[in-house]
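Asker:
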Amino acid sequence: MLLPVLKRLGDMVVAMFGISVLVFLIFFAIPGAEPASRIAGRNASPETVAAVRLSFGLDQPLPVQYLIMMKKLFITQDLTSFVNRGYKVIPAVMNAAPITLSLVAGAALIWIVFGLLIGVLAAAFKNTWIDRLLMVMSLIGISMPAFWLGAVINLFTQSRWHDYWLFSWVPPLGYKPFVESPKLWALTLVLPCFSLAVGYIGIYGRVLRANIVEAMQEDYIRTARAKGVSESRILIRHALRTSLISVVTLFGLDFGQLVGGVAVLTEIVFALQGVGKITFDGLLNLDLPVIMAAVLYSALFVVICNALVDMLYILIDPRERTDG
Amino acid sequence: MKTYYRSLLGCVAGVTLLAASTGIASAEYMAEHRGGTLRVVAHSAGGTIDPHINYTLQYWEVYQTIYDGLLKFKQAAGADGFTVVPDLAEAIPTPENGGKTLTFKLRKGIKFSDGREVGVKDVVASFQRIFKVSSPTSGTFYAGIVGADKCLKDPKTCTLEGGVVGDEAKGTVTINLVAGDAEIFQKLALPHAVILPADAPAADAGSNPVIGTGPYKITAYDPNKQMKLERNTNFKVWSEDAQPDGYPDVVDYDFSLTDEAQATAIENGEADWMFDQVPTDRLAEVGTKFKDTVHVTPLTAWWYAPMNTNIPPFDNVKARQAVAYALDRNAMVKLFGGPSLAGPVCQVLPPGFPGHEDYCPYTAGGGPKYNGPDMDKAKALMAESGMKGQKVTLITEDTDASKSLGTYIQSVMNDLGFETGVKPISTNLQFTYIQNTKNNVQMSLTQWYQDYPAASDFLYILFGCESFHKDSDSSVNIAGFCDKEINDKMHKALELGVTDQAAANKLWAEIDRAVTDKSPAVALFTPKHIDFTSKRLGNFKFNSQFYFLITQAWVK
C-alpha cells in the first residue's frame, strides 16, 4: 500500500515541477511581461525602473529567479504579488479555496443526485417518451454554457424581477462565509451551484444511461434474471454499480479541475472570489506569483482527486480488490 | 475717509455674518446627513495600498480622505479642484532663491489616526521614503530635490541631505531644489508626497494600511474582497478646503463585481457608486430610467495615436500629417460610444486645461474646432511623402473599444495607401510594450490622463526630448519626438512658470500648436466620465483633479 502512495507522490512532485517551470518560462517569453516597468508606473524614470528591478530580484538570471520564487512559495511561504506589493499569495489562495470548494461541492451534489436520477430513469424507461424527454433535457443542459446561464439567472434575479416575491430571497452577488452566517452562505451559493451543475447533470445523465443500457446486456445480468432477481434490484444493485466506475473516473477529473479553478466563469458571473477568479485576475495583471501559486494549487488538486478516484475504484469494483 | 471706514466696517460685518450663517447652515447640513454606510463597488482592487507607491486613480480618489500632504488640491467640485491649497503647512510659501527654496511652516495640533502629533521629523522621513520605496514618480516629479540623484542611485540609504531640511524648533521644513520648478506645488499636492509617520515601513506596505491624518482611516484591506474606511477619531477640521470632514461613518469599498453587476447593484440600491464605467450596453437603460443619478463630466485626458518619428514611414512629417487629416474623429467618437462618452479633439492639450487654446489644423476647411476629415488633402500629402505601400503595424489594447478604433484606423490608413496591420495586446501590457523603444513600435493607440493640471504634464512628458530614452523600456515619449526648437521653448515655459504662470501658459499654447503641426501623434478625442450613483446618495461632487469626492457624498 505504501509503495503506490509513494509512487503517486513522486508523480505529483514531477508533474508540479514541470508545470512550474513551464509557467515560469512562458511568462518571461511574453513580450512586455517583464514586470519592472509595469510595477514602476507609466512615467517612471529609467533609474526608478532599475531600482524596482533590483528590489524584486529581477536583475538575477532566470534560473536564480525561479529558485527564489520556489523557495518563497514552498519554504518561507512569503511569496508576494508583483502588482499588490506586500500581498502574500499563499494566504490569498488559501482564503479563496473554501469559496471554490463550497461552490464546486454544492454543484457536485446537485449534478450527482440529478445526474444519477436522470441516468437511471432514462435507462429504466429506455426508448419510451420519458427516456426521450430526459435525454432532450440533458442535451439542453449541456448546450447551455454555465456563464451564460449564470448571466441570465442574474438578469432575472438581480435585475428584472429582483423585487418580485419569487426572487426576493436572492441575496446580492458575492459570498458570505459559513462562519459568519450559515443561512446567507447557503443562499449566496444556491444559484451559482445550480448554474454550474446544469451542464454536468446532462453529461452525467447521458453517460450513466449509456453505461447502464450497456451493462444490462451483460451475462451477469442475464444470470441474475435467471435467478429470479427483480428488475429494480438488477438495475440498482448490479447494473448501476458497474456503470458507476466510469462516472467516478469522470467525477474525479471534473471535480479536481473545478476545484482547481476551472469554475472561473461561474465565479466571475456571481462575483465569487474563488481560486478561479484569483487565477483570472493574476492572468489579467500578468502577476506571475499569483499565477504560479494558483496553477500549482490547481495541479495539486487534480493529482489528489485522481488518487482518490483510484481508491474509489477499489470500493466500487470488486475486481480491483482481487487484482490488488 | 470716515464714510469709507464705515462702509468697510459694514462690509466686514456683513461678510462675518454671512460666513457665520453659512457656517451654521453647513454645520446643520453636516449634522443632518452625517452617518450611515456608503457602499462603493469596483471590479477589482487597485493594487498596493501604499500611498507613496500606488499610481492609480482608483486609490488616489480614496487617499483624499485618508492622507494629507504639505499642500493639497482643493476638495471642491469642478475645476476649483485644480487649485492647490495649504494642508499640513500653514500657507503656500513664497519661493525664494530663484524658486529653488521653499520653506513650509507646519500647522500644530494635527494628529495621525493613532493619536501621535504630526511633526517635522515625519515630513522629512516621508520625503526620504518616496525614494526608499522607489515611488513611481521619484525619478520624475521629485528628482529636482537636492540629493535626489543620490537617493535614486541608492534608495535604501536615502537621506536627501540638503534637500529636505527640518527645523524642529521653528516647526519648519525647507525643500531645496536644484532649479526652480513651476509645478512643484502641484507635485507636492499629489498622493505620492503625503506625510506618513516617520516610522512607516521603508518598504512597500502592500496590503497593510499606513496611518494618515485625514477624517478616515483604512481599518481593513483585502485586495480580493474589500477595503473598509472608518472615521479617524483623532481628526479635527483644520482647513475646509484641504481636508473637510466626511459624511458617512463607514465606507465599504467592495471588489470583484463585474461592471454589469455593479450597475445592477446600484439600480437595486445595494451599492451607492461604481468605480468602473457603466457598460455601454446598459447606457441607454441607465440614462433613461436613472437619469437623475447619472453624472457626465468631460475629462482632462486624451486618446491619441502616437507615430514613431524615428522609423519609416512616420519619420516623414507629411505621412504623419496625412493620417491626421484622414482620420474622422466624429466616427471615432461614435465607435467609442457616442457624444455622451467623448468629444473630438485636434490638439494635445485637452479643453479646459491650462494653456489650451482651441486649435484644429487637421480638419476640412481648417478652423479652431473639428469639422470632419479632409481626405483630399490627406491623399495629396500622402503622395508627396512617397510612403505609399509602406507596411505599418498598429498596436492597440485588447479592449472592445480599442480594437474597434484600431480596425477603423486600419481601414482609413489602407485607403491612404499604407498596408496596415492591427495587433491588439493585453491592456495590462500594452502601455509597457509601446513605451519600450526596443520594440520599434510604428504606431499605437493609447490614452493619457493628467497627473496634475499643468500643460507640461502632456506636452513635455509626452513630447519632450528628455522623455525619450533610446533602448529603454520606460520611454514615455512613445512617438520618440524630439524637436530641439520646440524643446527649448518647453524649457523656457517651465522656467517662466516659476515667476509668471499666465505668461507660461501663453507659451504652452504656442508649443501646443507647434507640436500639433508636427503631428507626432494624432489627437483623437477627449473622453467623458460617467458616474452612476444610487437614489439615496446626495451631495455628489466631481473634482476635476481626483474625480468623485467619495466621503463628501452622504447616504443619510
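Protein chains in written order, with the numbering used here: chain G, 2 to 325; chain R, 6 to 561. Even for Gly, the Cβ is constructed at its ideal location relative to N, Cα and C. Note that the coordinates shown come from a computational prediction; the quantities given were computed from them, not determined experimentally.
1. Determine, using beta carbons only, whether leucine 434/R and isoleucine 414/R come nearer to each other than 8 Å.
2. So phenylalanine 190/R packs on leucine 76/R, CB below 8 Å; how close in whole Å?
3. So if I threshold CB-CB distances at 9 Å, which residues from the stretch 80-98 of chain G count as touching chain R?
4. Taking the alpha carbon of lysine 393/R as the reference point, which residue from Lys523/R, Glu424/R and Lys382/R has its own alpha carbon closest?
5. Go ahead and label glutamine 455/R buried or exposed: buried means 16 or more other beta carbons lie within 10 angstroms of its beta carbon, across all protein chains shown.
6. Determine the contact status of valine 199/R and glycine 51/R, defining contact as a CB-CB distance below 8 Å.
7. Who are the near neighbours of alanine 225/R in its chain, counting only those whose CB is closer than 6 Å to its CB and skipping five residues on each side?
8. Out of Ala187/R, Cys351/R, Leu107/R and Ser461/R, point me to the one whose CA is closest to valine 170/R's CA.
9. Would you list, in chain order, the members of the stretch 270-304 of chain G that have their beta-carbon closer than 8 Å to a beta-carbon of chain R?
10. For leucine 14/R, count neighbouring C-beta atoms within 10 Å of its own C-beta (all shown protein chains included) and say buried if the count is 16 or more, exposed if not.
11. Could you tell me whether the Cβ of threonine 88/R comes closer than 8 Å to any Cβ of chain G?
12. Can you list, in chain order, the residues of its chain whose CB lies under 7 Å from that of serine 26/R, leaving out five sequence neighbours each side?
13. From leucine 421/R to valine 481/R, what does the alpha carbon distance come to, in whole angstroms?
14. Give the residues of chain R in contact with valine 327/G, contact being defined as C-beta atoms less than 9 Å apart.
15. Find out if the Cβ-Cβ distance for the pair lysine 278/G, isoleucine 269/G is shorter than 8 Å.
16. Using the rule of at least 16 other Cβ atoms within 10 Å of the residue's Cβ for burial, across every protein chain shown, is serine 182/G buried or exposed?
17. Taking Cβ positions only, does glutamate 232/G come closer than 8 Å to chain R?
18. Where phenylalanine 463/R and leucine 185/G are concerned, what is the direct C-alpha to C-alpha distance, given to the nearest angstrom?
19. Using a C-beta cutoff of 8 Å, does tyrosine 252/R count as contacting chain G?
20. Please classify glycine 42/G: is it buried, with 16 or more other beta-carbons within 10 angstroms of its beta-carbon, or exposed?
21. Could you give the first and the last residue of the continuous beta strand (DSSP E) run that contains isoleucine 223/R?
22. Do leucine 289/G and phenylalanine 75/G have their C-beta atoms within less than 8 Å of each other?
23. I'd like the ranges of any alpha helix (DSSP H) spanning at least 4 consecutive residues and lying wholly in the stretch 212-260 of chain G.
24. Since I believe threonine 88/R is in contact with phenylalanine 78/R (beta carbons under 8 Å), could you give me their beta-carbon distance rounded to a whole number of angstroms?
25. Against proline 141/R, what residues of chain G qualify as contacts under a CB-to-CB distance less than 8 Å, listed in chain order?
26. Are the C-beta of serine 139/G and some C-beta of chain R separated by less than 8 Å?
27. Helix, strand or coil for serine 449/R? Go by DSSP, reduced to three states.
28. Identify which residue in Val427/R, Lys323/R, Gly348/R and Gly377/R has its Cα closest to the Cα of serine 390/R.
29. Which residues share a DSSP beta bridge with aspartate 257/R?
30. Between Ala152/G, Pro32/G, Gln61/G and Leu266/G, which lies nearest to serine 431/R when the distance is taken from Cα to Cα?
31. Comparing C-alpha positions only, which one of Thr250/G, Ala264/G, Glu35/G and Gly257/G sits nearest to methionine 312/G?
32. Between which two residues does the beta strand (DSSP E) containing lysine 110/R stretch?
33. Give me whichever residues DSSP pairs with threonine 314/R in a beta bridge.
34. Return the residues of the stretch 171-192 of chain G that lie within a Cβ-Cβ distance of less than 8 Å from chain R, sorted by chain order.
35. Name, please, each residue of chain R whose Cβ falls closer than 9 Å to the Cβ of proline 32/G.
36. Using the rule of at least 16 other Cβ atoms within 10 Å of the residue's Cβ for burial, across every protein chain shown, is glycine 377/R buried or exposed?
Answerer: Concretely, from the data shown:
1. It is not a contact, given that the beta carbons lie outside the stated cut-off.
2. Confirmed, Cβ separation roughly 6 Å.
3. Near chain R, meaning a CB-to-CB distance below 9 Å, the residues of the stretch 80-98 of chain G are Thr81, Ser82, Val84, Asn85, Arg86, Gly87, Tyr88, Lys89, Ala93, Asn96 and Ala97.
4. The option with the nearest alpha carbon to lysine 393/R is Glu424/R.
5. Counting the other CB atoms within 10 Å of its CB gives glutamine 455/R a total of 16 or more, which places it among the buried residues.
6. In this structure, glycine 51/R does not lie closer than 8 Å to valine 199/R by Cβ.
7. Excluding residues up to 5 positions away in sequence, Lys233 lie with their Cβ nearer than 6 Å to the Cβ of alanine 225/R in the same chain.
8. Closest by alpha carbon: Leu107/R.
9. For chain R, the residues of the stretch 270-304 of chain G that bring a beta carbon within less than 8 Å of one of its beta carbons are Val270, Ala272, Leu273, Gln274, Lys278, Ile279, Asp282, Leu285, Asn286 and Leu287, in chain order.
10. With a pLDDT of 45 at leucine 14/R, under the threshold of 50, the modelled position of that residue is not reliable, and the figure given next carries that caveat. By the neighbour-count rule (16 or more Cβ atoms within 10 Å), leucine 14/R is not buried but exposed.
11. The beta-carbon of threonine 88/R is placed no less than 8 Å from the nearest beta-carbon of chain G.
12. Note that serine 26/R scores 49 on pLDDT, short of 50, meaning its location in the model is unreliable; the coordinates nonetheless yield the value given after this. The answer is none, since no qualifying residue turns up.
13. The straight-line gap separating the alpha-carbon atoms of leucine 421/R and valine 481/R is approximately 28 Å.
14. There is no way to answer for residue 327/G, as the model of chain G reaches only from 2 to 325.
15. The answer is yes: Cβ separation under 8 Å.
16. Counting other Cβ atoms within 10 Å of its Cβ, serine 182/G stays below 16 and is therefore classed as exposed.
17. Cβ-Cβ to chain R under 8 Å: no for glutamate 232/G.
18. Distance between the alpha carbons of phenylalanine 463/R and leucine 185/G: 50 Å.
19. No - not a single Cβ of chain G is within 8 Å of the one on tyrosine 252/R.
20. In this structure glycine 42/G is buried. Its beta-carbon is surrounded by 16 or more other beta-carbon atoms within 10 angstroms.
21. Its beta strand (DSSP E) spans residues 221-227.
22. No; because the gap between Cβ atoms is not below 8 Å, this pair is not in contact.
23. List check, alpha helix (DSSP H) in window: 220-227 and 241-258.
24. For a cut-off of 8 Å, the C-beta gap from phenylalanine 78/R to threonine 88/R is around 7 Å, short enough to register as a contact.
25. Correct list: Ala41, Gly42, Arg43, Asn44, Ala45 and Thr49.
26. Output row for serine 139/G: interface = no.
27. Serine 449/R carries a strand assignment under DSSP once its states are collapsed to helix, strand and coil.
28. Looking at the Cα atoms, Lys323/R is the closest of the given residues.
29. Aspartate 257/R is bridged to Arg44/R and Lys233/R.
30. Just measuring C-alpha positions, the residue of Ala152/G, Pro32/G, Gln61/G and Leu266/G sitting nearest serine 431/R is Pro32/G.
31. Measuring C-alpha to C-alpha distances from methionine 312/G to each of Thr250/G, Ala264/G, Glu35/G and Gly257/G identifies Thr250/G as the nearest.
32. Note, lysine 110/R: beta strand (DSSP E), 106-110.
33. The partner list for threonine 314/R (beta bridge, DSSP) is empty, contrary to what the question assumes.
34. The stretch 171-192 of chain G vs chain R, Cβ under 8 Å: Pro173, Leu174 and Gly175.
35. The CB of proline 32/G comes closer than 9 Å to the CB of Ile430, Leu434, Tyr438, Asn441 and Asn444 in chain R, given here in chain order.
36. Answer is exposed; the Cβ neighbour count stays below 16.
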